[in-house]
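Below: one structure, written as structure tokens.
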Amino acid sequence: MKALVAVKRVVDYNVKVRVKADGSDVDIGNVKMSMNPFDEIAVEEAVRLKEAGKVNEIVAVSLGGKKSEETLRTALAMGADRAIHVETDAKLEPLHVAKLLKAVAAKESPDLFLLGKQAIDDDANQTAQMLAALLNAPQGTFACKLEMKDGEVWVTREIDGGEETLALKLPAVVSADLRLNEPRFVKLPNIMAAKKKPLEKLSPADLGVDVAANVKVLKVAEPKQRQAGVKVGSVAELVEKLKNEAKVI
Ligand code: AMP
Numbered sequence: 001m002k003a004l005v006a007v008k009r010v011v012d013y014n015v016k017v018r019v020k021a022d023g024s025d026v027d028i029g030n031v032k033m034s035m036n037p038f039d040e041i042a043v044e045e046a047v048r049l050k051e052a053g054k055v056n057e058i059v060a061v062s063l064g065g066k067k068s069e070e071t072l073r074t075a076l077a078m079g080a081d082r083a084i085h086v087e088t089d090a091k092l093e094p095l096h097v098a099k100l101l102k103a104v105a106a107k108e109s110p111d112l113f114l115l116g117k118q119a120i121d122d123d124a125n126q127t128a129q130m131l132a133a134l135l136n137a138p139q140g141t142f143a144c145k146l147e148m149k150d151g152e153v154w155v156t157r158e159i160d161g162g163e164e165t166l167a168l169k170l171p172a173v174v175s176a177d178l179r180l181n182e183p184r185f186v187k188l189p190n191i192m193a194a195k196k197k198p199l200e201k202l203s204p205a206d207l208g209v210d211v212a213a214n215v216k217v218l219k220v221a222e223p224k225q226r227q228a229g230v231k232v233g234s235v236a237e238l239v240e241k242l243k244n245e246a247k248v249i
């Protein structure tokens, strides 16, 4: 049983991003970058499945610039066995990523694809769904529990007002939600050991995928500044302000 985990290098979730002065994009020069938090959860889940004897190989894949290698080394330190870096400076859209992952899968034939539910930079939440469609494979998105049972993967999903459990035939695509697990803290010896694990380099051309843009960003803007609130002294004052200032009652 082989698991393929997709890990994206994104702006760290603690960073407050700023919009470039010309409004063309956000400015990510000199900001801390990390593995997408949902991808960390996906890697953790793959490692737990391996520890439980359900998976015997974990391949981490990242697509992006040179530094995506760092993200792959983190995945290797967490417990992935080997890594594939599809190196490109192109601005990848979810459809490109899904096509590239499909092409990697054609070489690797994984049984289980684990992705994050969404990348916190573009908030697209599209890649897992597109990959499943391109592979003609079943999908379990927003997973909060995952079990391997008799050649199927059982995925419990967070849905409005509750949970739903699906049994998916393999190969299947699963995207990790926040409550699936809590990723482990990576220890120094594992970081050192990860440096020696295999990391293969490929390009979109090697995989026969065209990564020319289909979508153009027209404008990026900061959210409107909100005015500070006020504290009222009594219910009567609140009612008076709602009536006469806000004019909502
Ligand atoms: P998105 O559809 O962009 O919100 O991304 C959903 C998931 O797809 C992420 O959590 C990753 O698991 C995977 N993914 C998206 N972009 C990349 C990338 N450039 N490299 C590796 N995985 C990616």
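Per full-length UniProt numbering, the sequence shown starts with residue 1, numbered consecutively. Every residue gets a Cβ at the ideal spot worked out from N, C-alpha and C, and that includes glycine.
What is the rounded straight-line gap between the Cα of residue i and the Cα of residue j?
i      : j      : result
Ala194 : Thr71  : 11 angstroms
Glu44  : Ala105 : 20 angstroms
Gly64  : Asn190 : 24 angstroms
Lys247 : Ser34  : 46 angstroms
Ile249 : Gln225 : 25 angstroms
Ser234 : Ala228 : 19 angstroms
Val86  : Val155 : 29 angstroms
Pro138 : Ser68  : 28 angstroms
Gln126 : Glu93  : 9 angstroms
Lys32  : Val26  : 14 angstroms
Gly140 : Arg73  : 27 angstroms
Ile28  : Glu108 : 33 angstroms
Ala52  : Asn136 : 28 angstroms
Leu180 : Ala21  : 39 angstroms
Pro223 : Lys16  : 12 angstroms
Ala133 : Met192 : 38 angstroms
Glu164 : Leu146 : 12 angstroms
Ala143 : Glu245 : 46 angstroms
Lys2   : Pro110 : 5 angstroms
Start and end of the alpha helix (DSSP H) containing residue i?
i      : result
Glu51  : Pro37 to Glu51
Glu108 : Pro94 to Glu108
Ser68  : Ser68 to Met78
Met1   : First-last for Met1: undefined, no H or E at that position.
Ala193 : Leu188 to Ala194
If residue i and residue j are in contact, beta carbons under 8 angstroms, what's the gap, nearest whole angstrom?
i      : j      : result
Ile120 : Val220 : In fact, because the Cβ distance is near 16 angstroms, the residues do not count as touching under 8 angstroms.
Ala176 : Gly79  : Rounded, the Cβ-Cβ distance is 15 angstroms, inconsistent with contact.
Asp75  : Val7   : It is Ala, not Asp, that sits at residue 75 in the sequence shown. Indeed they touch by this definition, with Cβ atoms about 5 angstroms apart.
Pro204 : Val211 : 5 angstroms
Gly208 : Ala103 : 6 angstroms
Val166 : Leu131 : This sequence places Leu at residue 166; Val is not what is there. The Cβ separation is near 17 angstroms, so there is no contact.
Quick check on this structure: which residue in the options has the alpha carbon closest to the alpha carbon of residue i?
i      : options                          : result
Leu202 : Val61, Val7, Lys169 and Val55    : Val61
Pro183 : Val47, Ala137 and Arg18          : Val47
Phe185 : Met1, Ala3 and Glu40             : Glu40
Gly23  : Lys243, Asn136 and Leu218        : Leu218
Leu112 : Glu164, Val5 and Asn30           : Val5
Ala213 : Ala236, Arg157, Ala90 and Leu238 : Ala90
Arg82  : Glu164, Lys231 and Asn56         : Asn56
Lys187 : Ala77, Leu178, Gly161 and Val153 : Ala77
Asp12  : Lys2, Asn30 and Val19            : Asn30
Leu114 : Glu164, Gly161, Leu49 and His96  : Leu49
Val174 : Met148, Pro198, Asn14 and Lys196 : Met148
Starting from residue i, trace the beta strand (DSSP E) in both directions and tell me its first and last residue.
i      : result
Thr88  : Where Thr88 is concerned, there is no enclosing beta strand (DSSP E), given that its DSSP letter is neither H nor E.
Ala246 : From DSSP, Ala246 is part of no beta strand (DSSP E); its letter is neither H nor E.
Ile58  : Glu57 to Gly64
Ala228 : Looking at the DSSP string, Ala228 is not in any beta strand (DSSP E), and its letter there is neither H nor E.
Ala167 : Gly162 to Lys169
Gln126 : Here Gln126 belongs to no beta strand (DSSP E), and DSSP marks it neither H nor E.
Arg184 : Premise fails: Arg184 is in no beta strand (DSSP E) and is neither H nor E.
Lys149 : Gln139 to Lys149
Ile159 : Glu152 to Ile159
Where does residue i land, buried or exposed, given buried means 16+ other C-beta within 10 angstroms?
i           : result
Thr88       : buried
Asp123      : exposed
Ile84       : buried
residue 251 : Residue 251 is absent from the structure shown; the chain starts at 1 and stops at 249.
Pro171      : buried
Leu242      : exposed
Ile159      : exposed
Ala236      : exposed
Leu238      : exposed
Asn36       : buried
Flag residue i as yes when its Cβ comes closer than 7 angstroms to any non-hydrogen atom of ligand 2, and as no otherwise.
i      : result
Leu115 : Absence of ligand 2 is noted for the structure shown, with ligand 1 being the only ligands found.
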